[in-house]
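**Q** Residue numbers (this note's numbering): 7 to 258.
Think of the CB as a built atom: it goes at the ideal place given N, C-alpha and C, for glycine as much as any other residue.
Just so we're clear, the structure is a prediction, and the values are computed from it rather than from any experiment.
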Ligand code: FES
């Protein structure tokens, strides 16, 4: 670990618990690493994964989201939605090569000044171990993450997860959580790959091979996902030179 590295960590703190816990830590003169910059939110459930991607784009080395313990959320189950969104975000961060360790979710109540300080120290240690984050080195991945996390499909899946896996439908059936986890993994992978292809096409028309090289995907995956983008009106054939088709973005 580079001890001289002073990380920039953005912390989203829930007003009703972790923010008050941070306040109590200050009043109680409990020491913790001074590298977090705080944004107060009314609930951890207010933290859209896109806020986190924007923080990384804006130069933060890591992000902490801290809310009320499960069962204590002032909006009943806002933090349970946070868990689902963060699980999806973690998968996408791993897929992008950025890695899930840049982003952390922790709980601390208003009375837990020391646990809050411990959480900050732990997360700071992990981010320091990872070293500085370069948004420029991950420009394409960050663009693709923004696109993927903006899709109706992923936003709907993250929101509907608990309804399907915790409640019975009209036939008194519940969706198996393991099955639904796999559905989300598959959808997140597909949407991320499509987003990477869109990022590549934003630079100009390209062949399947060129897209594959830029996106770091295999040719077969690019062909499949490109076909879906064409069906959705987001990409199209732009020219064909010596029997090699070239594709272009149609926006989106
Ligand atoms: Fe604190 Fe929801 S009110 S996590």
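My guess is that residue 13 and residue 152 are in contact by the Cβ rule of under 8 Å, so how many angstroms apart are they, rounded?
**A** With a Cβ gap of about 22 Å, residue 13 and residue 152 do not count as contacting.
**Q** Measuring from the CB of residue 85, is there a heavy atom of the ligand FES at a distance below 6 Å?
**A** yes
**Q** Could you tell me which whole alpha helix (DSSP H) segments of length 4 or greater appear in the stretch 143 to 231?
**A** 145 to 156, 158 to 172, 183 to 207, 214 to 221
**Q** Give me the residue from 145, 195, 148, 136 with the minimum Cα distance to residue 160.
**A** 195
**Q** Suppose you measure from the CA of residue 247 to the CA of residue 208; what does that come to, to the nearest Å?
**A** 20 Å
**Q** On the DSSP bridge assignment, give the partners of residue 15 in chain order.
**A** Paired residues: 42, 68.
**Q** So residue 72 and residue 19 are in contact, right, with Cβ under 8 Å, and what is the actual spacing, rounded?
**A** 5 Å
**Q** Are three or more beta carbon pairs between the stretch 64 to 80 and the stretch 134 to 141 nearer than 8 Å?
**A** yes
**Q** Considering only residues of the same chain and omitting the five flanking positions on each side of residue 242, which have a CB-CB separation below 8 Å?
**A** 236, 253, 254, 256
**Q** Taking its Cβ as the centre, do 16 or more other Cβ atoms sit within 10 Å of residue 85, making it buried, or is it exposed?
**A** buried
**Q** Please confirm whether any heavy atom of the ligand FES lies closer than 6 Å to the CB of residue 198.
**A** No, the beta carbon of residue 198 sits no closer than 6 Å to any heavy atom of the ligand FES.
**Q** Please go through the same chain and pick out, in chain order, the residues whose beta-carbon is closer than 6 Å to the beta-carbon of residue 25, but skip the five residues on each side of it.
**A** 19, 46
**Q** Which residues bound the alpha helix (DSSP H) around residue 251?
**A** Where residue 251 is concerned, there is no enclosing alpha helix (DSSP H), although the beta strand (DSSP E) it sits in stretches over 250 to 255.
**Q** For residue 22, does the count of other Cβ atoms within 10 angstroms reach 16, so buried, or fall short, so exposed?
**A** buried
**Q** Pull up the CB-CB distance for residue 261 and residue 198, whole angstroms please, since I reckon it's below 8 Å.
**A** Not covered by the structure: residue 261. The range shown for the chain is 7 to 258.
**Q** Kindly list the residues whose CB is nearer than 7 Å to the CB of residue 114, restricted to its own chain and excluding five residues on each side of it in sequence; keep chain order.
**A** 23, 24, 27, 72, 121, 122, 125
**Q** With DSSP run on the structure shown, which of helix, strand or coil describes residue 242?
**A** In the structure shown, residue 242 sits in a strand (DSSP, three-state: E or B).
**Q** Tell me whether the beta-carbon of residue 104 lies closer than 7 Å to the beta-carbon of residue 75.
**A** no
**Q** Counting along the chain, where does the alpha helix (DSSP H) carrying residue 109 start and finish?
**A** First-last for residue 109: 109 to 113, but that is the beta strand (DSSP E), not the alpha helix (DSSP H).
**Q** Any idea what DSSP makes of residue 137, helix, strand or coil?
**A** coil
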